[in-house]
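In what follows, a structure is listed as structure tokens, so that the remarks can point back to it.
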Amino acid sequence: MPRYFKTSITALTLLGASLLYGYGVTASAATYVDSGSAAGAQCSTSSVNDSAQAVGNCSSATVSANSNPWYAASLSGPQQVLPPLVNGQPCSVEAIANSGWMLGSCANAANLSFAVFWNAATPSGLPTATSPLPGTLLFPLLRPADVQTVPTALNPLGAALAQSISATLQATVVLYTPGNATPQRVSSYGDNCAGVDVNNTLINGYPSVVMNCPGANATPKPTVATWNGSSYVLTALASPSGASYCWAVGMNDQLQVVGTCVFSGATGDVPQTAFWGTPSSAPLLLTMPLNAQNYAVSINNPGHILAYGRDPSGFEKALFWPDPTNSFSVQSIQPLPGSAQTNAVGLADNDTVALNSFDANQYPSGAYWDGVNSTVAITPLLGGRMSRLEGITRSGAIVYGTATDSTLNYRAVGATLP
Numbered sequence: 013m014p015r016y017f018k019t020s021i022t023a024l025t026l027l028g029a030s031l032l033y034g035y036g037v038t039a040s041a042a043t044y045v046d047s048g049s050a051a052g053a054q055c056s057t058s059s060v061n062d063s064a065q066a067v068g069n070c071s072s073a074t075v076s077a078n079s080n081p082w083y084a085a086s087l088s089g090p091q092q093v094l095p096p097l098v099n100g101q102p103c104s105v106e107a108i109a110n111s112g113w114m115l116g117s118c119a120n121a122a123n124l125s126f127a128v129f130w131n132a133a134t135p136s137g138l139p140t141a142t143s144p145l146p147g148t149l150l151f152p153l154l155r156p157a158d159v160q161t162v163p164t165a166l167n168p169l170g171a172a173l174a175q176s177i178s179a180t181l182q183a184t185v186v187l188y189t190p191g192n193a194t195p196q197r198v199s200s201y202g203d204n205c206a207g208v209d210v211n212n213t214l215i216n217g218y219p220s221v222v223m224n225c226p227g228a229n230a231t232p233k234p235t236v237a238t239w240n241g242s243s244y245v246l247t248a249l250a251s252p253s254g255a256s257y258c259w260a261v262g263m264n265d266q267l268q269v270v271g272t273c274v275f276s277g278a279t280g281d282v283p284q285t286a287f288w289g290t291p292s293s294a295p296l297l298l299t300m301p302l303n304a305q306n307y308a309v310s311i312n313n314p315g316h317i318l319a320y321g322r323d324p325s326g327f328e329k330a331l332f333w334p335d336p337t338n339s340f341s342v343q344s345i346q347p348l349p350g351s352a353q354t355n356a357v358g359l360a361d362n363d364t365v366a367l368n369s370f371d372a373n374q375y376p377s378g379a380y381w382d383g384v385n386s387t388v389a390i391t392p393l394l395g396g397r398m399s400r401l402e403g404i405t406r407s408g409a410i411v412y413g414t415a416t417d418s419t420l421n422y423r424a425v426g427a428t429l430p
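Take 13 as the starting number for the sequence shown in the working numbering and just add one per residue.
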């Protein structure tokens, strides 16, 4: 699904193959809107929700000071600096949910880091620090309390996925309901699973989670966690015949999972995009001409997939796979005219893809593609020439990131798509 924020452990950075589709009629370009510079000198937008509320981070004009996380009620600002847990200690904000809950991380007075919540209704209020897992007496026996938490994903309702970290650096996947500091354990204690995504469909009051857990010989094993009314039940996803291992990168509200499986080939390992229609089903694979490499990026709620493939030019090419039952349905997302490469950063529920490419003058440029029109660059700020997108809203209405202005400063921006 389109994630508001995600950090995950990926086994490989790989290339893949492409088909040459995707050119169409030309659409009118969107224009960046600048949220201002109230929070600092150099800024970027890290997330926008479907109400156009934005969050981001700015470096301070004071060189000895921490960067400032900020919130803005609209794309045009103004930016409001979000308060830290402790004065003088660093914070960052990574995501804002449609509910208005914001997720980030802050350090306490002892320089320990915690996932934190802010709320758009009271952006000047102190953040809520999430609690690590408490110690146990019996199960497991005399396990000490964990000491830090690390945010990994936020769903539209505001539920946060995180890692609870022990003093010996053992990680456990945990979930926090919107604004709640109390952890709900998802994976086994200290199993070093890595949370990937949390969906927006509640089962017995809790969303489902996909994660990558340590498998045989320390290879990843994609696993889905669903709530049974009292705890999370884990289901390891099936690997296709002949695969060395697989990993997951996303899950939608229908419990459909996308990831990548690696196979041994005559000329080297061959990764293939994998789609699990249910947690109990065998995956469908994206098979490309000449057995070319490809790997998954994300999945949206209609079950369409964003991936990368290896092009004969040697560049990565973004791919859109609308029908996981048919490899021939895959489309190559073409770069801007005059460019040879794209970097896809998000897939919305309306199938719009946010990406970065080079324009005809070879400047980095944020752009979008919707399956009907050719790739369209976002109009730069007045006097600016470079931009970089960080993502797209769940609905596909807004893209966001950073762009330079006429003074070569980086501005936090968003753009409403036509």
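We put the CB at the ideal spot given by N, CA and C, even for glycine.
Residues bridged to C258 by DSSP?
Looking up residue 258 in the sequence shown gives position 246. In the DSSP output, where bridge partners are listed per residue, C258 has C273.
Alpha-carbon to alpha-carbon, T272 and Y201:
Reading the sequence shown from its first residue, position 189 is the one you call residue 201. Reading the sequence shown from its first residue, position 260 is the one you call residue 272. Cα to Cα, Y201 sits roughly 26 Å from T272.
Determine the closest residue to V357 out of P376, N421 and A330, with distance taken between C-alpha atoms.
Locating residue 357 in the sequence shown gives position 345, counting from the first residue. In terms of Cα proximity to V357, the closest of P376, N421 and A330 is A330.
The ligand FMN heavy atoms versus the CB of N216: any closer than 7 Å?
What this structure holds is no ligand at all, so the ligand FMN is not there to describe.
Cα separation between V128 and N421?
Position 116 of the sequence shown, counted from the first residue, corresponds to residue 128. Position 409 of the sequence shown, counted from the first residue, corresponds to residue 421. In this structure, the alpha-carbon of V128 lies about 29 Å from that of N421.
Quick one: what does DSSP say P301 is sitting in, helix, strand or coil?
Taking the first residue of the sequence shown as 1, we reach residue 301 at position 289. In the structure shown, P301 sits in a helix (DSSP, three-state: H, G or I).
Helix, strand or coil at L27 according to DSSP, with G and I counted as helix:
On the sequence shown, position 15 is the one that residue 27 refers to. Residue placement at L27 is poorly supported in this model, since its pLDDT is 27, which falls under 50; the coordinates still yield a value, given next. Under the three-state reduction of DSSP output, L27 falls in the coil class, being neither helix nor strand.
Grab the span of the beta strand (DSSP E) containing M114 for me, first residue to last.
If you number the sequence shown from 1, residue 114 lands on position 102. First-last of the beta strand (DSSP E) with M114: W113 to A119.
Could you tell me how far apart the beta carbons of D209 and V222 are, in whole angstroms, since I believe they sit closer than 8 Å?
What you label residue 209 is simply residue 197 of the sequence shown in a count that begins at 1. What you label residue 222 is simply residue 210 of the sequence shown in a count that begins at 1. Contact check for D209 and V222: beta-carbon distance about 5 Å, within the 8 Å limit, so the pair qualifies.
Return helix, strand or coil for F126, following the three-state DSSP convention.
Sequence index remark: in the sequence shown, residue 126 carries index 114 (1-based). F126: strand per DSSP, three-state reduction.
Could you tell me how far apart the beta carbons of W172 and L115 are, in whole angstroms, since I believe they sit closer than 8 Å?
Numbered from its first residue, the sequence shown carries residue 172 at position 160. Numbered from its first residue, the sequence shown carries residue 115 at position 103. Here residue 172 turns out to be Ala, not Trp, going by the sequence shown. Contact between A172 and L115 holds: CB atoms are separated by about 5 Å, below the 8 Å threshold.
Mind checking who G358 pairs with in its DSSP beta bridge?
The sequence position of residue 358 within the sequence shown is 346, counting from 1. G358 pairs with A366.
On a Cα-Cα basis, can you pick out the residue from S63, A50, A165 and T57 that is closest to A409?
Locating residue 409 in the sequence shown gives position 397, counting from the first residue. Minimum Cα distance to A409 is reached at S63.
Is the segment 251-258 in contact with the segment 210-218, if contact means three or more CB pairs nearer than 8 Å?
Because the criterion of three Cβ pairs below 8 Å is not met, the segment 251-258 and the segment 210-218 do not touch.
Within 10 angstroms of its Cβ, does Q305 collect 16 or more other Cβ (buried), or is it exposed?
Counting from 1 along the sequence shown, the entry for residue 305 is found at position 293. With 16 or more Cβ atoms within 10 Å of its Cβ, Q305 is classed as buried.
Quick one: residues in its chain with C-beta nearer than 6 Å to the C-beta of V236, no 5 flanking neighbours on either side, listed in chain order?
Position 224 of the sequence shown, counting from 1, holds the residue named residue 236. Spatial neighbours of V236 in its own chain (CB-CB distance under 6 Å, excluding positions within 5 residues in sequence) are listed in chain order as V222, T247 and P291.
Return the residue from the list Q92, G89, L124 and Y83 that minimises the CA-CA distance to Q101.
Translated into positions along the sequence shown, residue 101 becomes position 89. Comparing Cα-Cα distances from Q101 to each of Q92, G89, L124 and Y83, the minimum goes to L124.
What residues are listed by DSSP as bridge partners for Y422?
One-based indexing of the sequence shown puts residue 422 at position 410. Bridge pairing for Y422: T416 [DSSP].
Nearest candidate by alpha-carbon position, reference F126, set L154, W381, A109 and D158
The residue given as residue 126 occupies position 114 in the sequence shown. The option with the nearest alpha carbon to F126 is D158.
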